[in-house]
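In the numbering used here, the protein residues as written are 62 to 336.
Heads up, the thing below is written out as structure tokens.
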Ligand SMILES: NC(=O)c1ccc[n+]([C@@H]2O[C@H](COP(=O)([O-])OP(=O)(O)OC[C@H]3O[C@@H](n4cnc5c(N)ncnc54)[C@H](O)[C@@H]3O)[C@@H](O)[C@H]2O)c1
């Protein structure tokens with residue numbers, strides 16, 4: 062079998078980093094890490110589709126990115142947990158942008174509930190979005206990546222270790238995505254598609270800060286000692302926590318030909334949290 066990956070050793074750095082002519086879908090791209098990822102991929106020249114539950118914010122983000130980087134950008138409504146929604150939205154993206162070359166599975170949820178209290182519905186919701194959502198996205202992308210491509214899964218250091226009380230479903234779902242990244246790399250390589258994971262540690266975002274505040278409030282009400290929690294969440298060897306753009310630049314590396322020899326691995330983007 063021939064594996065369709067070019068040797069780009071003679072290419073210039075500028076060409077290796079350029080995403081000009083490529084079409085990128087970022088799920089959950091209306092805010093937070095996804096928005097920052099979309100901005101860097103657009104700056105590198107990719108056409109952009111922001112796919113999000115919130116169609117209004119997806120449209121607004123796409124318009125802002127198109128204006129800033131002079132690339133084609135479209136917002137689409139997508140529920141990554143729903144196979145039909147992902148297939149329909151992807152068809153719409155292909156209709157507007159002409160194809161898909163890069164797919165970033167970024168949409169994710171992180172509700173907090175201790176093992177002893179979490180309902181089946183809460184558990185299933187986390188896995189539907191964070192795990193089935195990644196399968197749905199990768200599948201629809203691979204079906205349409207006729208000339209090869211790259212799938213980047215936004216994992217978490219929660220895919221490597223336990224993080225904080227209340228996050229068992231989240232930690233389980235992210236460990237699963239790290240495994241799926243390996244398996245999908247194996248299955249997609251013959252189609253010229255690389256699959257990589259990027260695992261951030263704590264990065265303040267709209268969703269993340271709201272979830273942390275809600276979890277702290279619930280635990281404080283239950284009498285849990287919270288004194289060590291913020292330090293545990295924001296441990297860093299570089300003197301600060303990460304920013305959304307710190308993560309976006311690692312995703313850009315994965316999406317570009319700079320990383321062409323890599324597939325199946327998950328890169329820790331964690332300020333040294335997990336060493
Ligand atoms: N922020 C962090 O500290 C951090 C750390 C590690 C990993 N991550 C991962 O990064 C990703 C993004 O996190 P964030 O902090 O930017 O979150 P966020 O809540 O700020 O943004 C998430 C976006 O995803 C969208 N979304 C949620 N459910 C969706 C669904 N079913 N279908 C489509 N879109 C959906 C939301 O509308 C929102 O726009 C997640 O996968 C998260 O697990 C975040």
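Note that beta-carbon positions come from the ideal geometry of N, C-alpha and C, so glycine has one too.
Predicted, not measured: the structure shown is a model, and the values here were computed from it.
Opening and closing residue of the beta strand (DSSP E) in which residue i lies
| i | result |
| --- | --- |
| residue 108 | 108-113 |
| residue 192 | Counting along the chain, residue 192 falls outside any beta strand (DSSP E), and DSSP gives it neither H nor E. |
| residue 163 | 163-166 |
| residue 255 | 254-261 |
| residue 341 | The requested residue 341 does not occur in the structure, where the chain is confined to residues 62 to 336. |
Which of helix, strand or coil DSSP assigns to residue i
| i | result |
| --- | --- |
| residue 80 | coil |
| residue 86 | strand |
| residue 214 | strand |
| residue 224 | coil |
| residue 247 | helix |
| residue 72 | coil |
| residue 335 | coil |
| residue 304 | coil |
| residue 209 | strand |
Residue i CB to nearest heavy atom of ligand 1 below 7 Å
| i | result |
| --- | --- |
| residue 266 | yes |
| residue 139 | yes |
| residue 165 | no |
| residue 120 | no |
| residue 88 | yes |
Beta-carbon proximity check, residue i vs residue j, cutoff 8 Å
| i | j | result |
| --- | --- | --- |
| residue 252 | residue 316 | no |
| residue 325 | residue 247 | yes |
| residue 327 | residue 220 | yes |
| residue 80 | residue 117 | no |
| residue 110 | residue 154 | yes |
| residue 89 | residue 113 | yes |
| residue 218 | residue 271 | no |
| residue 147 | residue 170 | no |
| residue 214 | residue 93 | no |
Which listed residue (the options) has its alpha carbon closest to that of residue i
| i | options | result |
| --- | --- | --- |
| residue 124 | 116, 235, 134, 226 | 134 |
| residue 226 | 310, 273, 259 | 273 |
| residue 262 | 331, 245, 254, 307 | 331 |
| residue 162 | 295, 275, 256 | 256 |
| residue 84 | 280, 240, 237, 102 | 102 |
| residue 335 | 193, 320, 295, 283 | 295 |
Element boundaries [alpha helix (DSSP H), containing residue i]
| i | result |
| --- | --- |
| residue 123 | 116-130 |
| residue 269 | 267-282 |
| residue 327 | Run containing residue 327: none in the alpha helix (DSSP H); it sits in the beta strand (DSSP E), 327-330. |
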